[in-house]
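Let me begin by presenting the structure, written as structure tokens, before commenting on it.
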Amino acid sequence: MRKHRFRETLKSFFEPHFDHEKGEMLKGTKSEMDEKVKKILGMVESGDIDEDKSKRQVVSELVNEFYIAYQTLYRKYDDLTGEIKKKVHGKGESSSSSSSDSDSDDSSKKKTKRNGKVEKDVVESVTDGQTEAAILEIADLKKKLTKSVEEKEAVDSELEVALVKLKESEEIIRNLKLETEKLEGEKTTALGDSRELHQKLEVAGKTETDLSQTLEDMKKERDQLQTEIDNGIQRFQEAEKVAEDWKTTSDQLKDEVANFKQQLEASEKRNRSLSLKVSEISGEIQQAQNTIQELNSELGEMKEKYKAKESEHSSLVELHETHEKESSSQVKELEARIESSEKMIGDLNQNLNNAEEEKKLLSQRVSEISNEIQEAQNTIKELMSESEQLKESHSVKDREMFGLRDMHETHQRESSTRTSELEAQLESSEKRLEQAQKTIHELMAELGELKNRHEEKENELSSLLEVHEAHKRDSSSRVKELETLVESAEQRVQDLSQSLNNAEEEKKLLSQRISDMSNEIKQAQNTIQELMSESGQLKESHTEKDKELLGLRDIHETHQRESSTQLRDLEAQLKSSEQRRVSDLNTSLQSAEEENKAISSKNVETLDKLEQAQKTIHELMAELGELKNRHEEKENELSTVVDSAEQQPEPEQC
9 MRKHRFRETL KSFFEPHFDH EKGEMLKGTK SEMDEKVKKI LGMVESGDID EDKSKRQVVS
69 ELVNEFYIAY QTLYRKYDDL TGEIKKKVHG KGESSSSSSS DSDSDDSSKK KTKRNGKVEK
129 DVVESVTDGQ TEAAILEIAD LKKKLTKSVE EKEAVDSELE VALVKLKESE EIIRNLKLET
189 EKLEGEKTTA LGDSRELHQK LEVAGKTETD LSQTLEDMKK ERDQLQTEID NGIQRFQEAE
249 KVAEDWKTTS DQLKDEVANF KQQLEASEKR NRSLSLKVSE ISGEIQQAQN TIQELNSELG
309 EMKEKYKAKE SEHSSLVELH ETHEKESSSQ VKELEARIES SEKMIGDLNQ NLNNAEEEKK
369 LLSQRVSEIS NEIQEAQNTI KELMSESEQL KESHSVKDRE MFGLRDMHET HQRESSTRTS
429 ELEAQLESSE KRLEQAQKTI HELMAELGEL KNRHEEKENE LSSLLEVHEA HKRDSSSRVK
489 ELETLVESAE QRVQDLSQSL NNAEEEKKLL SQRISDMSNE IKQAQNTIQE LMSESGQLKE
549 SHTEKDKELL GLRDIHETHQ RESSTQLRDL EAQLKSSEQR RVSDLNTSLQ SAEEENKAIS
609 SKNVETLDKL EQAQKTIHEL MAELGELKNR HEEKENELST VVDSAEQQPE PEQC
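Just so you know, the sequence shown maps onto residues 9 to 662 in the working numbering.
Structure (structure tokens):
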């Protein structure tokens, strides 16, 4: 019945989340996103985006639609995780209340029943039910983990496609930058040509002024020649020839001036086309700046969330330390109590030996045995109270472990959602992936070592059980010896009854009392042995849990150290690369400003904006790599917690 109820609760918990209509909707959105990605890749590979404005608009619209679809998918995933968290907290509270009720019922039943063997059977049945429930919960958690891993792999594939698109967009930006540099070269050549044309025009203007002066002189000479026609016909003819020569030279100069004007008009047209291209590039840069501002705002939100998560993680570490201190103090107290109980048992054995030696005086022996039985009952009550305290502390430890596991799962989900938001817009470097793989291999090696240690612990437990069985055998042999001694005493009593007919009735009463007391002593020894075995098991479980908590804390500290070293190295690399880029850009900007004062100022502004965009993209990439490394560390920590949760029920079963 209990298994059936547990299955029904699991179905009621998970069935509302597995909606077939939502699955079909997700498949449709995925197919639409794949088609849009194919369109974008086709347009980018065709190479006509730079020339055709309509294709640029289509590509920008497709990218915006892809981003909106990705945001809707993330919102759906966030809603699902929120519902699962609410369900998990609700079920955890109900299960804790039901377990507390069941523990109270069991304690009341134990108080009403006097037989120690029946109490042991009840405890074993309860522990078996708890272990079965824990095994079922672990299997369900494994299924959830596999499903989440599959979903994460699908999202990672989509992210890789998006990262490829970002790489292609960066290549397009580089091509545009090269085109702008080519245009600057053409502008410089055009400026040189225009300067040469201005020089030629100035030379032509000077020749025109000279010709005008010579024409005025010729007019004067013509007036003089008209007065002297009769005397200088030959001079007049020579003057006409000189005038014709000057006319031909003036016509040639006019043709050259017309050619210069055409060249100037062509250079002006080129300058206009270059200015149009510069305006288009500035518009694209403004769009890139808007997207970068949005990314910066999203990164700020993510940083705030991550800081909050780090504070939660530090509080968890503090809780771990406090629980470790409390558990160590409790274990020390329990060890002291167990030592005192062992001393009490030794005293009881000494009393029993003294009782065997003094069997002759039956009245004194009866009084001593009654006193010893009272002391044994007191010790049994104390051991029962101590065992109940140990059980309560054990249940508290189990609840704390389940709470830690739930906290790790929530942290994994939140970190996966955050990384999915950032990974949709940026790409991670291959070097960091290789480092992550190395850390994964190291963690796998650590897991192997932990498994070997767990096997060693199991072997130690088996050896302890064998020692415990040997101790039981020795105790049973001692009890048999006592029984034989009691039987011999009864035989002596019977012999004395034959010789002393007057005291037969008193001896019969004394023999009955001795048999009852021997039975009570056997029961007390059995209860003491059972309590000792339970206390040993509880002590071993406490030590194992303390060791697991210490291992988790060491893993947390090692991961924090590795992440801090990696962050320092990456920050140093980023600072060096930024300084180099800034120095190179400053030199290029100075040279460009010296060469082009009026027309090249717009190009310099566009280059600065493009470089700022690339810097922000590289910074965002670095932050994304850091978040990925931290996410992988948290996943590894959660995998260690799940493995420890899987290994906990095994020593309880054995």
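Cβ coordinates follow ideal geometry from the N, Cα and C atoms, glycine included.
>> Please report the straight-line C-alpha distance between ASP86 and THR330, rounded to a whole angstrom.
In response: In this structure, the straight-line span from the alpha carbon of ASP86 to that of THR330 is close to 33 Å.
> What whole-angstrom Cβ distance do ARG421 and THR89 have, given they're in contact under 8 Å?
Replying inline: So it is a contact: roughly 5 Å between Cβ atoms.
>> Please tell me whether, using a cut-off of 6 Å, the distance from the CB of GLN520 to the nearest non-hydrogen atom of the ligand ATP is below it.
In response: In terms of ligand content, the structure shown is empty, and the ligand ATP therefore cannot be addressed.
> How long is the line joining the alpha carbons of THR189 and LYS175, rounded to whole angstroms?
Replying inline: Sequence check: residue 189 is Glu here, not Thr. Looking at the two C-alpha atoms, the distance is approximately 21 Å.
> LYS277: which of SER156, PHE74, LEU199 sits nearest, CA to CA?
Replying inline: Closest in alpha carbon position to LYS277, among SER156, PHE74, LEU199, is LEU199.
> Expressed to the nearest angstrom, what Euclidean distance is found between the alpha-carbon atoms of THR573 and GLU634?
Replying inline: About 11 Å.
> Using the rule of at least 16 other Cβ atoms within 10 Å of the residue's Cβ for burial, across every protein chain shown, is ILE76 buried or exposed?
Replying inline: By the beta-carbon neighbour count (other beta carbons within 10 angstroms, threshold 16), ILE76 is exposed.
> Which value, in whole angstroms, describes the spacing of the CA atoms of GLY193 and LEU186?
Replying inline: A straight line joining the alpha-carbon of GLY193 with that of LEU186 spans about 11 Å.
> If you draw a straight line from the alpha carbon of ASN72 to that of GLU159, how long is it in whole angstroms?
Replying inline: ASN72 and GLU159: Cα-Cα distance of roughly 23 Å.
> In angstroms, rounded to a whole number, what distance separates the CA positions of VAL45 and VAL169?
Replying inline: Between the alpha carbons of VAL45 and VAL169 lies a distance of about 8 Å.
>> On the criterion of 16 or more Cβ atoms from any shown chain inside 10 Å, does ALA630 qualify as buried, or is it exposed?
In response: Burial is judged here by how many other beta carbons sit within 10 angstroms of a residue's own beta carbon; ALA630 has at least 16 and is buried.
> Would you say LYS47 and LEU81 are within 7 Å of each other, going by their C-beta atoms?
Replying inline: LYS47 places its beta carbon 7 Å or farther from that of LEU81.
> Alpha carbon to alpha carbon, what distance is there between GLU641 and GLU140?
Replying inline: Each residue's Cα considered, the two are about 31 Å apart.
> What's the call for LEU284, buried or exposed, on a 16-neighbour Cβ count within 10 Å?
Replying inline: With fewer than 16 Cβ atoms within 10 Å of its Cβ, LEU284 is classed as exposed.
>> Suppose you measure from the CA of THR256 to the CA of GLU210; what does that come to, to the nearest Å?
In response: Their Cα atoms are separated by approximately 20 Å.
>> Are the CB atoms of MET51 and VAL67 within a distance shorter than 7 Å?
In response: In this structure, MET51 lies closer than 7 Å to VAL67 by Cβ.
> According to the neighbour-count rule (16 or more other Cβ atoms, all chains shown, within 10 Å of its Cβ), is LEU167 buried or exposed?
Replying inline: By the neighbour-count rule (16 or more Cβ atoms within 10 Å), LEU167 is buried.
>> Cutting at 6 Å between CB atoms, please list the residues of its own chain near SER108, excluding the five before and the five after it.
In response: Low local confidence applies: a pLDDT of 48 at SER108 is under 50, so the model's placement there is unreliable, with the coordinate-based value given in what follows. Counting only Cβ-Cβ distances below 6 Å, and skipping sequence neighbours, we find nothing.
> Considering only residues of the same chain and omitting the five flanking positions on each side of ASP27, which have a CB-CB separation below 8 Å?
Replying inline: Annotation note: pLDDT 48 at ASP27 (below 50); position unreliable, no value reported.
>> For LEU184, count the other beta carbons within 10 Å of its own beta carbon; 16 or more makes it buried, fewer makes it exposed. Which is it?
In response: Under this definition LEU184 is a buried residue.
> So, is LYS173 buried or exposed, given that buried needs 16 or more other C-beta atoms within 10 angstroms?
Replying inline: Its Cβ being crowded by 16 or more others within 10 Å, LYS173 is buried.
> By a C-beta neighbour count over all protein chains shown, 10 Å radius and 16 as the cutoff for buried, is GLU463 buried or exposed?
Replying inline: So GLU463 ends up on the exposed side.
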